[in-house]
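Working notes, structure below.
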Ligand code: HEM
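Numbering (this note's numbering), first residue to last: 2 to 125.
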């Protein structure tokens, strides 16, 4: 059966919550988020819903500069690959269509750009 595209904020919430569930189950990424950064998920998940809702629907709900928050973290190139693969896996399992493709494209571009910037700042 054909899956539907990402239609609204409810779908963004499903995507974000499913994705970060996988992230937390992943040994390496879970360690960075929970043990190194000590992320408060009740704060982070709504921020990420706003971030993706802004990217996909231009809702204007996210104004942060996220890169800086990643700089002190021990994120290696392969961690960005893992992050991206989990993101694609999540989108593909729930959605199909132009917005789903756009979300994957943006995730890949931002992950690649963060990864390069981390490398240039000498953190990898
Ligand atoms: C291995 C890869 C990554 C790791 C380990 C990681 C980890 C983190 C952590 C620990 C935070 C801080 C959360 C908090 O304390 O509230 C954060 C924030 C954030 N990350 Fe990532 N991240 C990764 C990749 C990405 C990518 C590729 C994107 C974009 C597509 C992204 C977007 C964001 C955004 C938007 C925030 C929120 C900033 C804010 O609160 O304004 N992250 N990330």
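Where is the CB? At the ideal position from N, CA and C, for every residue including glycine.
Quick caveat: nothing in here was measured; it's all calculated off a predicted structure.
Ranked by Cα distance from residue 7, the options 111, 91 and 37 are led by 91.
At the C-beta level, residue 112 and residue 85 come within 7 Å of one another.
When the alpha-carbon of residue 107 is set against those of 26, 16, 57 and 28, the nearest one is in 57.
Segment contact: the segment 15–25 against the segment 40–60, three or more CB-CB distances shorter than 8 Å; contact assigned.
Distance from residue 74 to residue 122 at the Cβ level is roughly 12 Å; contact not present, criterion being Cβ atoms closer than 8 Å. Taking 8 Å as the upper bound for CB-CB distance, residue 17 and residue 46 are in contact here, some 6 Å apart.
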